[in-house]
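Q: Starting off with a structure, shown below.
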Amino acid sequence: MKHLSILLLTLSWVFTAPMFAQSYRKNTTSEYIDQYKDLAIKEMKRVGIPASITMAQGILESGNGNSSLARKSNNHFGIKCHNDWKGKRVYHDDDRRGECFRRYKTVYESYIDHSEFLVGKQRYASLFELKTTDYKGWARGLKKAGYATDPKYAHRLIDIIEKNKLYLLDENKAWSKRPSKSVNDNFEITTYTTHAIKRNNGVKYISVEEDDTFASVADEFGLRPWELYHYNDLPSGADIQDYRYIYIQGKKGKAHRKHEYHVVKEGESLHYIAHKYGVKLRKLQKFNRMGKETDITVGDKLNLRRKKK
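Written out as structure tokens, the structure is:
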């Protein structure tokens, strides 16, 4: 009788368990790209990480968004907590059991944090001197800098990029899937109509044209006006026509190695000098031990790459 009860209990579980199981249809690579490519392009314009690299890392690290970490915690890049993480956490087996990973409210936050993670770590700084079209250099650089322990990490990223033609995203072009009954993916390429993009200290900038406003430029490059004010160390409400050029992504933490210091000339302000060398204003103040209200005078020698002793 005891064995019969166990058997009936077991059969009851077998037949009722599927009623409580949740069905989940996995994303294909093509579906994942179509869903997040615009966000990858936006981040490329904002901080300078090739969209192809962002997409390839998302595909690889999240398994097209199908991994448990991606589905339950919106972490699409496998970024662990590290000492500086103040947000929510989740524990997941990786290289070791029960490792701490970052948890996000949305996938959007995961993409933003991926950008900030690479921008904020010194070991990735040299990558931002590469062109956004140099996806191979970025892939190898990420591996060399220790983003992943997989010895074939760079090869895997490059393979994903080339197999899915993700390099088209880096060429300032839109990439959209054309409806087709064929099993093969066909892609239609249309060029963005934008200002000419130039670089200073590896940072993208544009020359200001007659009818430009912060709102129109932000709309053109998929940004928000406050982001442009922030990138250019300007207060909200500033007039774009007062400037010859503006940056469309965040400036660097120091000047190019060719420029160690600057001697102040007549009519120059601290903001002008920071703008000239593509350096964040607060970093320039920090290098020279200045407060926000500190004045400069003609002949002052300002450090552009490191703190004054």
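Read left to right, the sequence shown gives residues 15 to 323 (my numbering).
C-beta: ideal position from N, C-alpha, C; glycine also.
#1: Assuming contact is defined by CB atoms lying nearer than 9 Å, are G236 and K119 in contact in what I supplied?
#2: With a threshold of 16 other CB atoms inside 10 Å of the CB of P64, please say whether the residue is buried or exposed.
#3: Under a Cβ-count criterion, where at least 16 other Cβ atoms within 10 Å of its own Cβ denotes burial, should D225 be classed as buried or exposed?
#4: With a CB to CB cut of under 8 Å and the five nearest residues on each side skipped, what residues in its chain are close to G305?
#5: Quick check for students: name the residue ranges of the alpha helix (DSSP H) that lie wholly in the stretch 193-278, counting only runs of 4 or more.
#6: Would you tell me roughly how many angstroms separate the C-alpha atoms of V133 and A139, rounded to the nearest one?
#7: With H273 and L318 assumed to form a contact (beta carbons below 8 Å), what rounded beta-carbon distance in angstroms separates them?
#8: Check whether the Cβ atoms of I211 and I67 lie closer than 9 Å to each other.
#9: Going by DSSP in three states, V293 sits in which element: helix, strand or coil?
#10: Buried or exposed, going by whether 16 or more other CB atoms sit within 10 Å of the CB of V61?
#11: To the nearest angstrom, how far is it from the Cα of H106 to the Cα of F91?
#12: Counting only runs of 4+ residues fully inside the stretch 92-155, write out the alpha helix (DSSP H) ranges in chain order.
#13: Pull up the distance between the alpha-carbon of E241 and that of V231, whole angstroms please.
#14: From the DSSP output, read off the bridge partner residues of N317.
#15: For a quick check, are the C-beta atoms of L171 and L74 less than 9 Å apart?
#16: According to DSSP, is D48 part of a helix, a strand, or is it coil?
#17: Count the other C-beta atoms from every protein chain shown that fall within 10 angstroms of the C-beta of V293, then say buried if there are 16 or more, exposed otherwise.
#18: So V291 packs on N215, CB below 8 Å; how close in whole Å?
#19: Do you know how far the Cα of Y46 is from the Cα of Y275?
#20: Is DSSP giving G62 helix, strand or coil here?
A: Let's see:
#1: no
#2: buried
#3: exposed
#4: Q299
#5: 228-234, 239-245
#6: 7 Å
#7: 5 Å
#8: no
#9: strand
#10: buried
#11: 14 Å
#12: 121-134
#13: 11 Å
#14: Y275
#15: yes
#16: helix
#17: buried
#18: The sequence as given places Tyr at residue 291; Val does not occur at that position. Right, their Cβ atoms sit about 6 Å apart.
#19: 46 Å
#20: coil
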